[in-house]
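The next block holds one structure in the form of structure tokens; read it before the comments.
Protein chains: 2
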Amino acid sequence: MGWMTTTEGPARRRQVRAERAAVDKFEQRRAELASSALTTLADRGFANTSLRDIAENSPYSHGVVHYYFSDKLELMQHCIRQYKQDCVKHYDEILDTATTPKELREGFADAMVMTLRDETTLHRMWYDLRNQSMYTCELVGVIQEIDQLLEQMVWRVVSRYSELAESPSRMSSPVAYSLYDGLFLRALIDYLAGKPESAETLRRECAGLLAMLCP
Amino acid sequence: MGWMTTTEGPARRRQVRAERAAVDKFEQRRAELASSALTTLADRGFANTSLRDIAENSPYSHGVVHYYFSDKLELMQHCIRQYKQDCVKHYDEILDTATTPKELREGFADAMVMTLRDETTLHRMWYDLRNQSMYTCELVGVIQEIDQLLEQMVWRVVSRYSELAESPSRMSSPVAYSLYDGLFLRALIDYLAGKPESAETLRRECAGLLAMLCP
DNA sequence: CAAAAATCTTGTCAAGCGTCAAGATCTCTG
DNA sequence: CAGAGATCTTGACGCTTGACAAGATTTTTG
């Protein structure tokens with residue numbers, strides 16, 4: 001046994017390494033294209049994004065898309081999964097650092113406002129894709145994954161707040177998420193409609209809602 | 001003076017009537033097309049609806065659209081305004097009939113559930129169009145009109161509830177609307193994803209939120 | 001280094017889009 | 001009823017789309 005048998009000589013090992021490298025490269029290209037797609041989707045919207053647009057925002061030509069993805073839909077799915085990985089990063093560290101209800105309340109509200117300001121178009125895209133999933137059943141699965149992730153994030157905040165405030169939450173996890181989602185979506189729409197003050201409004205509302213959920 | 005001068009003889013009056021009839025007919029055709037457009041948008045979505053699709057759901061051929069509308073966008077705008085007229089009808093009568101907090105709470109929750117069940121695709125379309133308005137600034141105006149209408153409707157319910165419960169509301173009008181919108185949108189997504197039980201969940205949540213807003 | 005495999009570019013295809021214009025058809029007017 | 005005007009159909013246009021295939025180019029293999 002061990003790693004030096006007749007069937008696993010140096011040649012074989014080299015081949016394995018090569019295969020792994022090839023796979024990695026393949027996945028890396030897919031990631032690259034998906035990233036270009038995210039950029040494009042963010043500023044042009046699902047309805048107005050063509051595969052050529054996406055390729056133009058990448059180092060490659062339009063034909064390459066079909067080399068790495070079978071379909072426009074498959075690209076979209078990969079796209080959304082990729083978005084998912086970054087979308088709740090900031091929030092968890094707030095949970096760890098906050099030690100008082102007030103701190104958590106304001107930290108969370110801050111984070112929401114930052115998200116609104118710094119990732120405006122990215123979240124516009126999220127809502128656009130989620131809407132698409134109401135028409136395109138192939139997207140339902142991936143969208144649900146992210147929705148779940150976001151719900152869990154909100155719930156971690158709410159239940160931690162409940163701990164710190166020593167008061168039980170008055171709402172279930174899905175409801176808490178729906179409410180915060182409603183607030184954020186409204187703020188986003190207003191923000192994009194040319195009302196920058198909606199950011200500060202969102203801050204107050206987020207903090208207020210948290211206080212309301214655990215009186 | 002009066003209506004029988006030399007310039008306003010029978011001929012003139014007939015002409016006026018004809019003109020009015022022509023105008024009415026013109027407006028009626030626009031309404032007819034807008035209605036077909038609403039049907040089409042509701043089941044195919046903004047991204048997948050062409051002017052030919054719309055014409056196919058109408059008694060006319062595709063060319064006629066450009067006889068009554070200068071533009072696809074103008075049709076959309078007319079469309080949305082038309083949707084607006086029906087979208088909050090049911091709710092006001094609940095306000096008039098309810099005499100106790102419980103009655104209002106359950107009446108309102110009922111109405112929301114009915115809307116979810118009976119006008120599923122129509123409201124999917126509403127969210128689709130509202131999303132489009134984040135990319136297409138020509139739509140912002142009309143969308144805001146409806147958003148305002150919906151907000152006012154929610155606010156009438158909340159403040160009436162506050163009266164009946166003899167307890168001041170803890171939330172502003174925009175916040176109340178955002179929260180209910182969040183609940184409804186979530187229920188709609190789940191409902192369309194094949195979870196009919198989300199209707200009953202929505203009922204409980206709507207009633208619960210009202211109770212929470214005015215403790 | 002040469003053959004083979006992987007990767008990328010380019011050009012093409014049919015289909016569908018919004019828009020428009022010419023002319024058929026219907027309706028009203030004098 | 002004849003002519004005029006309003007209304008509607010039909011077919012066409014230039015363009016974009018997702019998809020694909022043939023071949024150029026690069027990378028890997030023996």
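The listed protein sequences derive, respectively, from chains A and B. Take the first sequence: its letter number 141 is residue 141 in the working numbering, and every next letter is one higher. Take the second sequence: its letter number 80 is residue 80 in the working numbering, and every next letter is one higher. Beta carbons: idealized from backbone N, C-alpha and C, even for Gly.
Contact check, residue i vs residue j, beta carbons under 8 Å
i, j, result
"LEU41 (chain A)", "MET125 (chain A)", "yes"
"MET171 (chain B)", "VAL88 (chain B)", "no"
"ILE146 (chain A)", "LYS84 (chain A)", "yes"
"LEU209 (chain B)", "LEU179 (chain B)", "yes"
"LEU122 (chain B)", "GLN132 (chain B)", "no"
"LEU185 (chain B)", "LEU202 (chain B)", "no"
"THR97 (chain B)", "LEU192 (chain B)", "no"
"TYR91 (chain B)", "VAL157 (chain B)", "yes"
"SER36 (chain B)", "SER61 (chain B)", "no"
"TYR127 (chain B)", "TRP155 (chain B)", "no"
When the options are compared against residue i, the one with the closest alpha-carbon
i, options, result
"ARG204 (chain A)", "A:ALA109, A:LEU51, A:ILE80 and A:GLY182", "A:ALA109"
"VAL113 (chain B)", "B:ALA207, B:SER70 and B:PRO215", "B:ALA207"
"GLN82 (chain B)", "B:THR136, B:LEU33, B:SER167 and B:PRO168", "B:LEU33"
"ARG93 (chain A)", "A:LEU183, A:GLU200, A:ASN48 and A:ALA111", "Looking at the sequence provided, one finds Glu at residue 93 (chain A) rather than Arg. Looking at the Cα atoms, A:ALA111 is the closest of the given residues."
"SER169 (chain B)", "B:ALA211, B:ILE143 and B:ASP190", "B:ALA211"
"ASP24 (chain B)", "B:GLY63, B:TYR68 and B:ASP53", "B:TYR68"
"MET134 (chain B)", "A:ASP43, A:GLN28, A:GLU27 and A:ALA37", "A:ASP43"
"LEU104 (chain B)", "B:GLU200, B:LEU192, B:LEU164 and B:TYR191", "B:LEU164"
"PHE26 (chain B)", "B:VAL64, B:ASP96 and B:GLN148", "B:VAL64"
"GLU166 (chain B)", "B:PRO101, B:ILE54 and B:GLN77", "B:PRO101"
"MET76 (chain B)", "B:SER50, B:LEU95, B:TYR91 and B:ARG160", "B:SER50"
"TYR161 (chain A)", "A:THR136, A:ARG52 and A:GLU106", "A:GLU106"
"ALA47 (chain A)", "B:THR136, B:GLY141 and B:GLY194", "B:THR136"
"GLY141 (chain B)", "A:TYR177, A:THR115 and A:GLY194", "A:GLY194"
"GLU200 (chain A)", "A:GLN144, A:THR115 and A:GLN148", "A:THR115"
"THR39 (chain A)", "A:ASP53, A:ASP181 and A:GLN144", "A:ASP53"
Buried or exposed by the 16-neighbour rule on C-beta atoms within 10 Å, applied to residue i
i, result
"ARG117 (chain A)", "exposed"
"ARG130 (chain B)", "buried"
"CYS79 (chain B)", "buried"
"MET1 (chain A)", "The predicted model places MET1 (chain A) with a pLDDT of 35, which falls under 50 and marks its position as unreliable; any figure quoted below should be read in that light. With fewer than 16 Cβ atoms within 10 Å of its Cβ, MET1 (chain A) is classed as exposed."
"PRO196 (chain B)", "exposed"
"ALA31 (chain B)", "exposed"
"GLY9 (chain A)", "Any reading at GLY9 (chain A) must be qualified, since the residue scores a pLDDT of 42, below 50, and its modelled position is unreliable; no value is offered."
"PRO174 (chain B)", "buried"
"GLU151 (chain A)", "buried"
"ALA11 (chain A)", "Model confidence at ALA11 (chain A) stands at a pLDDT of 43, short of 50, so the residue's coordinates are unreliable; what they give is reported in the following sentence. With fewer than 16 Cβ atoms within 10 Å of its Cβ, ALA11 (chain A) is classed as exposed."
"SER70 (chain B)", "exposed"
"GLY45 (chain A)", "buried"
"ARG14 (chain A)", "The pLDDT assigned to ARG14 (chain A) is 46, lower than 50, so where the model puts this residue is not dependable, and the model offers no usable value."
"THR99 (chain B)", "exposed"
"ASP86 (chain A)", "exposed"
**Report entry** Interfacial residues, the segment 167-182 of chain B to chain A, with Cβ spacing under 9 Å
**Finding:** Taking 9 Å as the Cβ-Cβ cut-off against chain A, the residues of the segment 167-182 of chain B that qualify are ARG170, MET171, SER172, PRO174, VAL175, TYR177, SER178, LEU179, TYR180, ASP181 and GLY182.
Query - Proximal residues, the segment 134-147 of chain B versus chain A, C-beta separation under 9 Å - result: MET134, TYR135, THR136, CYS137, VAL140, ILE143, GLN144 and ASP147
Report task. Can you give me, in chain order, the residues of the segment 40-73 of chain B that have a beta carbon less than 8 Å from any beta carbon in chain A? Result -> ARG44, GLY45, PHE46, ALA47 and ASN48
Requested in this report: May I ask you to list, following chain order, the residues of the segment 203-215 of chain B that have a beta carbon less than 7 Å from some beta carbon of chain A?
Outcome: GLU205 and MET212
Query raised in the report: What are the residues of the segment 187-202 of chain B that lie near chain A, defined by any Cβ-Cβ distance shorter than 7 Å?
Result: Those residues of the segment 187-202 of chain B that come within reach of chain A (Cβ to Cβ, closer than 7 Å) are ILE189, LEU192 and ALA193.
Query raised in the report: Got a sec: which bits of the segment 112-129 of chain A sit with their beta carbon under 7 Å from any beta carbon on chain B, in order along the chain?
Result: ARG124, TYR127 and ASP128
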